[in-house]
Structures are given as structure tokens and as C-alpha cells.
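Comments concern the structure below.
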Amino acid sequence: MSQYLRKNIAALAAYVPGEQPRDGGYVKLNTNENPYPPSPRVLTAVRKATNLSLRLYPEPTADTLRTLAASTYGVEVENILAGNGSDELLSMLIRCLVGPGDPVVYPVPTYSLYDTLIAIQDGEKVEIPFGADFSLPAEIFSHRAPLTFVCNPNSPSGTLVSLQEIERLARAVSGILVVDEAYIDFADVEGCSAIPLIQSFSNIVVLRSFSKSFSLAGMRIGLAFAAREIIAGMIKVKDSYNVTRLSLVAAAAALQDIPWMKRNVRRIQRSRHRLTRGLKKLGFQIYPAQANFVMARMPARTLRGLYEELKRRKILVRYFATPGLEDSLRISVGTDEEIKILLREIEEIEGRPVAGGREEEARSKEGQAAMDEHIDTDTP
Ligand SMILES: Cc1ncc(COP(=O)(O)O)c(C=O)c1O
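Each residue of the sequence shown is one higher than the one before, counting from 2 in the numbering used here.
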């Protein structure tokens, strides 16, 4: 490692994004992309914008997109900022709010990019384990920290915390509460977004992504919603022209075709139920999923072997070699055809419909019953 790097960067374990294979032919269920295309309006708008104007810089603060987003989400322009993916907005926030040694609190397991961004700032991560049912842990309400994260729905569990709990947490924390809503459009529950709370809470920041429900992972667009003073701070730390011309055009066109996004979301919700049912039949325990992925567990087993065998068969799912997650796979909801292939291949690999003997089967059913009892929002 170069002697010139800051000590914390030299020691940093880099964030490892999900694989993006160069060759085709994969059933790709590892990075929660949308299996359906973006709105045709997006493609038309991007084609139209692919012209000589590309020699010019984009709008520095993306005001056209912000204006449209303000009317879509019922807030003021000054309450919104666009980012190069919500990842960039996370990075801006941490640079605004966290200095060396500052604690940042969040329930785990969750999106591991938080760890990396905190380490870059030389901040102090304070990880508090979720309850067994993925409810917010009591300890998170009493911590004093400049920044608390809640990923809602959470990755990799797919579980959702109620808006009442988010509100209770916003009241309890001493600093900023960031609610990462990259997957919220896939929740069955209406009105679970924390965006309206920014009107009454000066310490809530809500992050949205166009990568998932709007099928635009390749364009890299996210939005932050917060009190205007926080947005003004974020603008100070951002790159001058942080979102490309084509991305801005794509995002604006996507917002003008919300019915298209909602139709794709409904298809994914239906497929999520099929995937959940199929995996349960194969002996997996499934957390009640409110995102475009499910977390499938086989308690007391490591699923690395299954992940690797699926990969050999050109099916990519996400395996986290993290303590406590070795018995789980995170599986994105693909098309029904992709789900069929996945379930067929797992059944073939496992050699039997249920993963163990009678005892294991009974244990698995018991565990699933306990999960269902906690939060059964998995309605057909
Ligand atoms: C929880 C969570 N937040 C944020 C992001 C980043 O999204 P974007 O593509 O908008 O940067 C992801 C991407 O997978 C995610 O899982």
C-alpha cells in the first residue's frame, strides 16, 4: 500500500459491489436491478438529448429535475437535491456531517457502503444489531450521534419499519436521521415513505434512487429530500456538475411516466410472492419482503456452496461472507421466467425439495412460523 495514502484509506476495506459480468447469458439476481425496461419516454428523451449540446456542462443544481420532483413529491425545490445515484448523496451527507471520531449509528445487517463511507471520513461506526424480527433495536433510540442511518426497506433483509417508528426515532436522535428509501416503491404498504416528515422534522433526510423502481441503474440518479438548510449544506460539498445531462433528462422523463414505474412495481410484487412461495417450498426461511429482493435463510448452514454452484450454472445471487449472514442469500426478484429457472436449479442442486432431514424440515417450518408471526405483510 502506498506510503502516501492517509492511514485510514490505506487500512480501508473497499466496498465490494455485486458482480456485473461482461459476458451475457446470466440470470442476474444479485444487484436488485429492475428486470423490466425504463419507460419508452425515457429512451426517447435520452435519444433526443444525445446531440451537440453534450459539449456543454449540465445544470449545476439540476433545477429542471428538482422542479419536476418538487411537484411530484409535494415539497419545495429547495428541499431537493439530485445526485449521481443515491450513493453520491450518502457520500455528500457523510462529508457534511461526520468528522474524525464522530459516531454514526445504524442497525445491522444493512447496506455495507455506510461502513466504507464512514471509514473514509475517519468516523466511528456504531452498529446495533436489529431485533430477530428486524424491528428497530431499543438501543438506537438512546444513542447521541450526529448521524443515524435507517435503510427502509432494509437490505439485505427486505423488511420494512413503520412510519410511526421512523417518526419516533427522528424525535429521539440528537442529530440527523437519514432514511435510505432506495426500495420503498416496492413496499405493499401505501404511505410508508418518510418524505412528508421533512415538513415537520428539520433533522430528517430521505434518499431515493432511480436505479430500482424506475429501471435506471445505468444512469446513476438519486434524490435527497430534507430541510432547505441541509440541502444548502450538501450543495456546498458536491461536485459542480454532479449529474450528467443525459441522466437529468432520463430522470425527468421517468418522473413524467409514474404509471409505467408503478406497473413494473406491481409485476415485481406479484413475482416476489411467487419467489417467496417457491423458496419456502424448497425449505428456505424468508423474511417478509417489501423490496425487489428477498432474503432466503437456511439456519445452521453456510450457503456459500449453493451460491457458487448457482454461479457455475450462470445464475447470480448475492452471498455475503459476513458473520451472521453466511446462512442467507439475497435474491433479486427477476421475471417469472428467471424465477422458474432459479427454483428449478436450486431444486436440482439440493437434490430434494427440502434442505435437510425431517428434523431440519421441522426446525425450518418452526423458524418460518416465527418469522411470519412477527411481521406478516407478505400478502398474495
Ligand atoms: C440500500 C441502498 N441504498 C442505496 C443504494 C444505491 O443506489 P444508487 O444506485 O441510487 O446509488 C443501493 C444500491 O444497491 C442500496 O441497496
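Positions of the beta carbon are idealized from the N, C-alpha and C atoms, including for glycine.
Span of the alpha helix (DSSP H) around residue i
i	result
D337	337 to 351
E230	229 to 238
V127	Looking at the DSSP string, V127 is not in any alpha helix (DSSP H); the run it does join, the beta strand (DSSP E), is 125 to 130.
G84	Not the alpha helix (DSSP H): G84 falls in the beta strand (DSSP E), residues 81 to 84.
A255	246 to 256
S40	Note, S40: premise wrong, no alpha helix (DSSP H); not H, not E.
G219	Segment: none, G219 is in no alpha helix (DSSP H) and carries neither H nor E.
Y308	305 to 313
L99	Sequence check: residue 99 is Val here, not Leu. V99 -> no alpha helix (DSSP H), and no H or E assigned at all.
D116	114 to 121
V17	No alpha helix (DSSP H) holds V17; DSSP gives it neither H nor E.
G325	First-last for G325: undefined, no H or E at that position.
N265	259 to 282
Candidates the options: closest to residue i by CA position
i	options	result
Y115	I259, S156, R23	S156
S203	R268, G219, I177, S72	I177
V206	C152, R267, E128	C152
Q270	V109, V78, Y184	Y184
M299	K312, G284, S158, E309	G284
V250	A233, I222, L161	I222
L344	R273, L44, I119	R273
N119	L91, E140, G279, P22	In the sequence as presented, Asn is not what sits at residue 119; that position holds Ile. The residue with the shortest Cα to Cα distance from I119 is L91.
D40	M262, G279, L224	For clarity, residue 40 is Ser in the given sequence; the question names Asp instead. For the residues M262, G279, L224, the minimum Cα distance to S40 belongs to M262.
T303	L326, A133, G102	L326
P61	K312, E191, Y242, E310	Y242
S175	L82, R313, I10, L148	L148
Contact under 9 Å by Cβ, residue i with residue j
i	j	result
L340	Y27	Residue identity check: residue 340 is Ile in the sequence provided, not Leu. In this structure, Y27 does not lie closer than 9 Å to I340 by Cβ.
R264	A50	no
E166	L208	no
T117	Y16	yes
N85	D240	yes
M296	I332	yes
R305	A322	yes
F142	R169	yes
A46	A253	yes
N31	N293	no
I95	V105	yes
C97	V244	no
V179	F135	no
P154	I129	no
I259	L307	no
I231	V76	no
A255	N35	no
N80	R229	yes
I127	A146	For clarity, residue 127 is Val in the given sequence; the question names Ile instead. Yes, they are a contact pair.
Q286	R42	no
M235	A227	yes
P38	S216	yes
Cβ-based burial, residue i [other Cβ within 10 Å; buried from 16]
i	result
S214	buried
D88	buried
G124	buried
E338	exposed
L330	buried
M93	buried
G335	buried
G25	exposed
R267	exposed
A356	Here the model assigns A356 a pLDDT of 46, short of 50, so the residue's position is not dependable, and the following value carries that caveat. Label assigned to A356: buried.
A173	exposed
L55	exposed
G358	At G358, the pLDDT of 45 sits below 50, so the modelled position is not reliable; the number obtained from the coordinates is stated separately. G358 should be labelled exposed.
A14	exposed
P59	buried
G159	buried
T277	buried
L44	exposed
A188	buried
Where the beta strand (DSSP E) through residue i begins and ends
i	result
P104	104 to 109
S333	329 to 333
V151	148 to 152
M296	294 to 298
* Length at least 4, wholly inside the stretch 51 to 90: the alpha helix (DSSP H) runs in chain order -> 64 to 74
* Mind listing, in chain order, the continuous beta strand (DSSP E) runs of no fewer than 3 residues lying wholly within the stretch 154 to 227? => 177 to 181, 205 to 210, 223 to 226
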